[in-house]
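A.B. asks:
Chains as they are written, first to last, in full-length UniProt numbering: chain A, 1 to 403; chain B, 1 to 403; chain C, 1 to 403; chain D, 1 to 403.
Written out as structure tokens, the structure reads:
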């Protein structure tokens, strides 16, 4: 076991301890090591150059927060067995194992309708066989089938350790301090009532601060108009490549990426699908985009150069959809600029939605000193929660420059 | 100029301002954008998972520190013209422009004897043509030919803004806080005497702290035995690939990387050499290493799997060279393990040297209140400088596990 | 002038430079040195033990932010003369010079109706005489009489450097990170349009984040029910002492404090008033409270012991005023507990108001790229400003424990 | 238990949990609450204005680190009982309980030869009576009488949690980041071998970094020539006051301080001695110094004004003692300046010693993977420890200015 490390440096949380053998073994698995080559925030580093962190580090960070949360709950008198602790840590460690290159951006591009959570479950089950069933309880927790609900809520809810880690980590690496959530404080306010996750009432402002920090991260970072565009460019590039391939065009790509460009039926994931999918990472995609900058397909080469040279189209943002005439004018000008009818391929309107706090579905509960539970936005002390329950939508129009 | 940004987020320094038009233009140049895809610290992220930052960000950070240093000097009464300011910022922005994939690691692998500084100069001169001579003064400063020596000393000396940025940045991203140098403090202590860079005497402890922080970064991070090994693995992989190619073996690689695997004469850099070199980045190398994990050359596939699966050979570190017998025993066992005579390819002794402070060559001078200059290690107040003038060498032996 | 320092360490902003001679001289003045002995946040350290910082440090920090703001504006092309720079820095340095012991808490206790700003102006004028008129422009700016309004707005508005420093500083020292405003970012977004302070439109989220951070600081820190109580206890102690003195009772106190306990007429501030006031600081008050813990007046000794032993009365907080019957019950029980009719002295309802953002009076304006100015809460991009324009009031009831 | 808090904000460590009832009760004791009014670093805030933190907060911080250290050791398999944990936390919480006003500075001024540790023990024993013997094991640990030595070593050794907290805390509040030790890392490297505290071998650089950080804090902060002088001024003021009182002079002072100015025999601490000592704090001393600025004793008023107006004498620092003639010249000039023979009272040479690492007495041991223990400075990997074993002495001469 000489190669096993027990402490991992993390500039975000300080140090990450790995208290169980099985966690090591999972971290050393090729499926997990692959996450080292998958960026956490896609092309966001084109806008925030510090954001080069990986899904590997995020998974470790979330595992660390899970450990901290469970320790806190134990100090408050919640009984948690060694097995449950291990399972909860495994579940969060593996929650993103199904992510492919560039995480969310290409989620539906490679294997059609395969959402990353579905793939995560598939890969977990596969690993569970290799680990002789040691991941079974973790998988139950991940799926929400384990009877004590708070384990699943720590993995996936409006206040789970996944969100806590990625907001803090993305804030740290982008340098956008408005999103720096106080994970230590929030976790110290967690509690369990009737096997459900709740927040000690005195932690209300920490929760409201978390919700506003999340809003700021979305509008300043993830949904920043250029960020949204960069992500969309990736999708368009892959879509264009698949289209060209379907038209019989040859496009250079690594063998594994080529496989997904050519294949279209993924109702069931075959053994080969999984093997090739888990050999893919950001490098395959970037390498292909570099090749395609020289493609003779004007649309493809335009889009690829946008990314590689960081020469982005122009973007406008609005809280209302753009007028049809305005868009058509942009298309016409683009056609003119390129001397080809490709304006409709290069002028795009996309939208982004955010519901800062969902007060209806699985709301956050505050635990009063007397044991009563109150919905966050019904608390007498809330100062913001009741204002941020509405869906907020913004529209982004992008089109080639100088037209 | 719509796409030009003026403020760049930097989690290390806060914000980076770009105060001159020409700086924008240089940043937008493909040679510079390429640095986004070149990691600052090579494979260090295999040991410190946070260290995914790029040479692009480092160059911007160093430029920011140059700006801060010049502002400080101006406040102290040093006359610095607008032209000099621009030139100094350009020179530091471009100081690493010649780096290829994985920065230092592969420095001498691709174009033989071409040190990155020589390549930087070559590329700067090429860009200078494109920019109609606007980079001329920057190039003079970079080469140390500009008459006011402190500009070159800020770019390249024992206390330059390059070191200040990379130590602080690498400390930040690795999470090794022992290397977190106080750049603000050190810069505030900079001064100029007879056009040479000096340090205000009261800043002595900040300088000594900087020197010890550098020592810690070297031995804890850069020369950490696994870090040193990871870097060496990269070199070995490329060397093996070049060797196999020279033996007529076909190895998959991107077109540009293949070019350098096959070519061997680089006395002069041709136009094609430069074109292809500046199209290379970390992705070409990682993609090739992924391919080569499946090579039928046992040595190559072993080395490539070490990197991709993060399954490192075993390493030992010592302050003395390892005994010949000990090494030969490891070679014999390796031969046995693989059933082939490849032990001498897979068992390696490497060494790392550090001179914490060079008191002889271009020493650091302290400026007393009375205008006198004292060598750092001769100062009455020094507490460490005189102890850290000796070269320190460590030896690392690596060999396959379980032998 | 050997004793003059030029750089002051500040854990909040890093380092504070003192770029003008006159600033030194003002800092060395006894009126200013006195601020070293006046806590920035009164008795807040009883709740947040780290909050022991002084008004001295805040004044220096605000001066530093003023310098940074002016440098930024100059880089954006706003013309600011050396004289204006000096004056603005002096004005903010002296903006709190009129604070007496425990800053705001005792503001109206010592010299009746003398608000600290009125006293600040009085002391500034007095110092201006000593400094032969060198403070005249600073005083104009402080009073809002200087023609270029943005100087006064930087000193006193909804987004002045005073607020920026105290929020960041109080957040730092209390450890309540929810209030950690990004001063560097906010200042980088400041601009001037028609001699009025405005914010570059792209800085909108930084401003909204600042406004919510301020809300959190108020409700988590300044208006925390125990904090509000502690401040109120100070007021009650002084009021009780003045009352007892007016009844002819002897109370130990330093000579200067005794003077203010006995005197009641302050329509005009006499030379002696000023002399004695500027000799007072927190020590006089704490020393007196320590004496008075042993007073035979039950009310006074009870209140003083609350502070010195940190044995606080019980507090309840509500968004509605407490019922009269409820309060009277508490009074009756207190009378019973003490065996004296002092319940009405020891049971108190206080209230705290916060208007997170005043959209009516001197609103914040955003400067669009085309030069247009938009009110913050009218901006299409705002996500919070329009929700936080209402006055929020909370009520706190305090009464002796175990009744 | 309504007033009891369970989490205390600490900007240095984040949050401090109080996991045992008895810890609350001790914190609420007047002896401990008194530490809120005793500054951790005396008059250091005159040089580093941020350094206003108290011994109260340090004691809590050290307790927090003790908790963290014990948790770490438990994870490594060291058996520690609930009773031992409580006792160790109590011992470190109370380790400084015997400090009087201004901590170390006045240590030997008030009660002659009573070192603060002797007083701490006395007060602990007194509290132990009140707490019915619950502190007995803590007292054993404090005295080094408890059989498992590592508990005492965590309280008092070259690498105890006391040092870890005060270095980190003082670095934080002064803003001198060179002293920012990585407590989390150091504690994670702690281990126990044969009931002695040791450090895991791989933590060697963290320890060496800690030792150099300590050196920097001493020479940059604690032994900064003006800091050393400020501390010395306090001593001189009290000594002068005691002298004047012994000559029959009346000096205003609080009743408790007056008691100690008049009394001289402290072989045994009487009940009254203890009562009065534990009622003293920094306020008594500062208030007295403020009074004494107006004393007609020229020496006393000169010294007191130095402190209150922050008008320090001139200081020189040297690595050799100052020449006798030089000192006598300063005395003569002082006599001339004041027109009285008081030069010998106002011209002082003091010295400060630091042994960065004591390799002889209770050295630090590294624990190798094979269970072997190595002395820190004998380790093959050490890079600094063997250079910093020598006592370093500096001399400071102070004398009135403008002479």
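Don't be surprised by glycine CBs; every beta carbon is placed ideally from N, CA and C.
Hey, which unbroken runs of the beta strand (DSSP E) at 3 residues or more fall wholly within the region 243 to 317 of chain B?
C.D. replies: Runs of the beta strand (DSSP E) inside the region 243 to 317 of chain B: none found.
A.B. asks: Since residue 19 of chain B meets chain C, which of its residues come closer than 9 angstroms, beta carbon to beta carbon?
C.D. replies: Chain C residues near residue 19 of chain B: 75.
A.B. asks: Note down, in chain order, each residue of its chain lying with its Cβ closer than 8 angstroms to the Cβ of residue 369 of chain D, except the 5 sequence neighbours on either side.
C.D. replies: Only 201 meet the Cβ criterion.
A.B. asks: Return the chain-ordered list of same chain residues with a C-beta closer than 7 angstroms to the C-beta of residue 59 of chain D, the five sequence neighbours on each side being excluded.
C.D. replies: For residue 59 of chain D, where only same-chain residues beyond five positions count, the Cβ hits under 7 angstroms are 35, 93, 96.
A.B. asks: Kindly identify the DSSP beta-bridge partner or partners of residue 351 of chain D.
C.D. replies: In DSSP, residue 351 of chain D forms a bridge with D:395.
A.B. asks: With a cut-off of 8 angstroms, does the C-beta of residue 15 of chain C fall near any C-beta of chain B?
C.D. replies: Chain B, which has a Cβ nearer than 8 angstroms to the Cβ of residue 15 of chain C, makes this yes.
A.B. asks: When the distance is taken between beta carbons, is residue 218 of chain D closer than 8 angstroms to residue 50 of chain D?
C.D. replies: Not a contact, by the Cβ cut-off of 8 angstroms.
A.B. asks: Between the Cα of residue 195 of chain B and the Cα atoms of B:31, B:325, B:151, B:382, which residue gives the shortest distance?
C.D. replies: It is B:151.
A.B. asks: May I ask which residues mark the beginning and end of the beta strand (DSSP E) holding residue 86 of chain C?
C.D. replies: Taken as a continuous stretch (DSSP letters only), residue 86 of chain C belongs to no beta strand (DSSP E), being part of the alpha helix (DSSP H) at 82 to 93.
A.B. asks: Tell me whether residue 239 of chain A is buried or exposed, calling it buried when 16 or more other Cβ atoms sit within 10 Å of its Cβ.
C.D. replies: Answer is exposed; the Cβ neighbour count stays below 16.
A.B. asks: Run down chain C in chain order and give the residues with a C-beta less than 7 angstroms from the C-beta of residue 216 of chain A.
C.D. replies: Chain C residues near residue 216 of chain A: 205, 209.
A.B. asks: Quick check: the region 12 to 24 of chain A against the region 84 to 91 of chain A, are at least 3 beta-carbon pairs closer than 8 angstroms?
C.D. replies: Taking 8 angstroms as the limit for Cβ pairs, the verdict is that the region 12 to 24 of chain A does touch the region 84 to 91 of chain A.
A.B. asks: Ignore the nearest five residues each way along the sequence and tell me which others in residue 383 of chain B's own chain have a CB closer than 8 angstroms to its CB.
C.D. replies: Correct list, in chain order: 205, 208.
A.B. asks: With DSSP as the reference, label residue 215 of chain B as helix, strand or coil.
C.D. replies: Note: residue 215 of chain B maps to helix in three-state DSSP.
A.B. asks: Using the beta-carbon of each residue, which ones in chain A are nearer than 7 angstroms to residue 188 of chain D?
C.D. replies: Result: 7, 15.
A.B. asks: Taking the straight line between their C-alpha atoms, what separation do you get for residue 30 of chain B and residue 272 of chain B?
C.D. replies: Cα-Cα distance, rounded: 16 angstroms.
A.B. asks: I need the straight-line Cα distance from residue 350 of chain D to residue 356 of chain D, nearest angstrom please.
C.D. replies: Cα-Cα distance, rounded: 20 angstroms.
A.B. asks: Using beta carbons (cut-off 8 angstroms, strictly below), is residue 396 of chain A in contact with chain C?
C.D. replies: It does not; no Cβ of chain C falls within 8 angstroms.
A.B. asks: Would you be able to state if there are at least three C-beta pairs under 8 angstroms between the region 232 to 248 of chain B and the region 102 to 111 of chain B?
C.D. replies: Yes, the region 102 to 111 of chain B is in contact with the region 232 to 248 of chain B.
A.B. asks: What in chain B is Cβ-close to residue 169 of chain C, meaning under 8 angstroms?
C.D. replies: What residue 169 of chain C touches in chain B: nothing, since even the nearest Cβ is about 17 angstroms away.
A.B. asks: Looking only at DSSP bridge pairs, what is residue 367 of chain B linked to?
C.D. replies: According to DSSP, which records beta bridges pairwise, residue 367 of chain B is partnered with B:200, B:373.
A.B. asks: Using a Cβ-Cβ distance under 8 angstroms, would residue 385 of chain A count as near chain C?
C.D. replies: Residue 385 of chain A does not count as touching chain C.
A.B. asks: Where does the unbroken beta strand (DSSP E) through residue 128 of chain D begin, and where does it stop?
C.D. replies: First-last for residue 128 of chain D: 116 to 130, but that is the alpha helix (DSSP H), not the beta strand (DSSP E).
A.B. asks: What's the call for residue 5 of chain C, buried or exposed, on a 16-neighbour Cβ count within 10 Å?
C.D. replies: At residue 5 of chain C, the pLDDT of 46 sits below 50, so the modelled position is not reliable and the matter cannot be decided from this model.
A.B. asks: Beta carbons nearer than 8 angstroms to chain C: which residues of the region 357 to 377 of chain B have them?
C.D. replies: Residues passing the 8 angstroms Cβ filter: none.
A.B. asks: Can you pull the chain C residues whose beta carbon is under 7 angstroms from the beta carbon of residue 254 of chain D, in chain order?
C.D. replies: Result: 287.
A.B. asks: Does residue 130 of chain B have its Cβ less than 8 angstroms from a Cβ in chain F?
C.D. replies: Absent here is chain F; the protein component of the structure consists of chains A, B, C and D.
A.B. asks: From A:215, A:367, A:228, pick the residue whose C-alpha is nearest to that of residue 314 of chain A; which is it?
C.D. replies: Minimum Cα distance to residue 314 of chain A is reached at A:228.
A.B. asks: Would you give the residue range spanned by the beta strand (DSSP E) that residue 193 of chain A belongs to?
C.D. replies: Taken as a continuous stretch (DSSP letters only), the beta strand (DSSP E) holding residue 193 of chain A covers 190 to 193.
A.B. asks: Taking only beta carbons into account, state which residues of the UniProt domain "HD/PDEase" (51 to 176) of chain D come closer than 8 angstroms to chain C, listed in chain order.
C.D. replies: Listed in sequence order: 52, 53, 54, 56, 57, 60, 172, 173, 174, 175, 176.
A.B. asks: So, with DSSP's three-state summary, where would you put residue 15 of chain C?
C.D. replies: DSSP places residue 15 of chain C in strand when its eight states are reduced to three.
A.B. asks: Tell me, to the nearest whole angstrom, how far the beta carbon of residue 400 of chain B is from that of residue 367 of chain B; I am working on the premise that it is less than 8 angstroms.
C.D. replies: With a Cβ gap of about 55 angstroms, residue 400 of chain B and residue 367 of chain B do not count as contacting.
A.B. asks: Would you say residue 48 of chain D lies against chain C (beta-carbon separation less than 8 angstroms)?
C.D. replies: Yes, residue 48 of chain D lies at the interface with chain C (some Cβ there is under 8 angstroms from its Cβ).
A.B. asks: Alpha carbon to alpha carbon, what distance is there between residue 28 of chain C and residue 222 of chain B?
C.D. replies: About 48 angstroms.
A.B. asks: Can you name the residues of chain A whose CB is closer than 8 angstroms to the CB of residue 410 of chain D?
C.D. replies: Absent from the model: residue 410 of chain D. The displayed extent of chain D is 1 to 403, so no value can be given.
A.B. asks: When the Cα atoms are used, what is the spatial distance from residue 114 of chain A to residue 99 of chain A?
C.D. replies: Each residue's Cα considered, the two are about 10 angstroms apart.
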